[in-house]
Amino acid sequence: MPSKDRDVVQLTWERQKKWKKSHEKRFRLVPIGNQRRDPIDRTTNEIILGDNLPVMQQLISEGLMGSVDLIYIDPPFWSGDDYFTKKPKHGSQVKVQEDKLAYRDTWDGGLAPYLEMMNKRLVLMKEMLSDTGSLFVHVDWHAGHYIKVLLDKIFGMENLRNEIIWHYGGPSPLKSSFPRKHDVIFFYSKTGTYTFHPQYNPLKDYLFKRARKNPDGRLWVDQNVGKISDSKFNELTREGRIFKTKTGNYRRKQFLDEMKGDMVDDVWTIPIINSQSRERVGYPTQKPLGLLSRVIQCASNEGDLVTDFFCGSGTTLEAAERCGRRWIGVDCSPMAIDIARERLAHLENVRFRCRKLVNK
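Plus 774 on top of the position in the sequence shown (first one is 1) and you've got the numbering used here.
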């Protein structure tokens, strides 16, 4: 009989280090600019400039261990490219300088340093999640399969809830193989008890085409009455939901505003942001608000704390604000932080502070 240890599949890489978690206070977080040094208040949204590993360690030392309800990250993909800003073409309130370096996704030493970087951070993210919290990791074909093995090791295979396919479509000049038009989002919960709210697609167009209008303006379609008790039939009749057809049959009104579309499955067809859209802020890997809104609505409740430790242009933060969640965004790129700050500042009634990581 093979030993139990030999049956375990592990991901290893060259020069893999045994990482020891340390929450030593070698760094500190200080306000950016002339903001006041207020006491730590976890009802305050914030944007933090700095390497997310020591930032997470500092946040844990401030009491955030086990307090985060939802983490979404869109880390570097190990693509081997550098990414630059572009000026939005129309209507954006965020001003950016064109062709400025946003971030590098190049790794000396190949895959090993990338996996080392991700492993350390995923371990800390698990610590920061509440017992009912979840993590969504956005990757693509470059290294997504390696990241899933890391996640299985850290969170447990049994806590994989979904491998979500984000299909964004669009033209492609590629002729030598099928065009690559999707990313993958791994959805893991910390434990077997987690927050999840099913999401639903809009009602099909044909329902609106065949719908009739009630005197109060509500739209409805007719359905079979079905097998119901006499008392239920009388109740529906009093509510004006039962009507008699010309042929003498009874039918039931089903109001469209009480109906749900089909439940969203694990393939999400959401377009990328059009180059002409007012939503575009010029950040090279900006994700659509619709994508992040769905993540936040399905895996958190109003008032919950949502964090993004690779926050880029701040899409997660804006989506969290619009969905009534508290939020923290972290990025090591000053360009990203500037764009996110300006973007959030244009929302109505939003309050947040900005801090940066410095050596002690």
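A virtual CB, placed ideally from N, CA and C, is assigned to each residue, including glycine.
A distance of 7 angstroms or more separates the beta carbons of Ser904 and Asn933. In its chain, beyond the 5 residues on either side, Arg1025 and Lys1027 have a beta carbon closer than 7 angstroms to the beta carbon of Phe1017. Closest option to Val911, judged by alpha-carbon separation, among Leu1091, Thr967 and Val1069: Val1069.
In this structure Pro1045 is exposed. Its beta-carbon is surrounded by fewer than 16 other beta-carbon atoms within 10 angstroms. Between the segment 1072 to 1081 and the segment 1098 to 1115, the count of Cβ pairs shorter than 8 angstroms is three or higher; the stretches touch. In the three-state scheme derived from DSSP, where H, G and I count as helix and E and B as strand, His919 is classed as helix. One alpha carbon belongs to Lys1020, the other to Phe982, and they sit about 23 angstroms apart. In terms of Cα proximity to Leu1065, the closest of Gln784, Val1041 and Tyr1057 is Val1041. Under the three-state reduction of DSSP output, Cys1072 falls in the helix class. Taking a C-beta distance under 7 angstroms as the contact criterion, Phe851 and His916 qualify as a contact pair.
The beta carbon of Asn1075 sits closer than 7 angstroms to those of Thr969, all from its chain and outside the five residues before and after it, given in chain order.
A straight line joining the alpha-carbon of Leu898 with that of Lys1134 spans about 21 angstroms.
If you draw a straight line from the Cα of Asp1031 to the Cα of Arg1100, it comes to about 30 angstroms.
Runs of the alpha helix (DSSP H) lying entirely within the segment 1036 to 1099 and spanning at least 4 residues, in chain order: 1063 to 1073 and 1089 to 1096. Taking every protein chain shown into account, the CB of Glu820 has 16 or more other CB atoms within 10 angstroms, so this residue is buried. Beyond the five residues adjoining it in sequence on each side, Arg1015 comes within less than 7 angstroms, by CB distance, of Arg1026 and Lys1027 in the same chain, given in chain order. Here the segment 822 to 833 makes contact with the segment 884 to 902; the two share three or more CB pairs at distances below 8 angstroms. Ser1051 and Pro849 have their alpha carbons spaced roughly 24 angstroms apart. Bridge partners of Arg1025 according to DSSP: Asn998 and Phe1017. Cβ atoms of Tyr974 and Met1037 come within 8 angstroms of each other, at about 6 angstroms. In the structure shown, Ile1111 falls within a helical segment according to DSSP collapsed to helix, strand and coil. About 19 angstroms separates the Cβ atoms of Gly1098 and Ala1114, ruling out a contact at the 8 angstroms cut-off.
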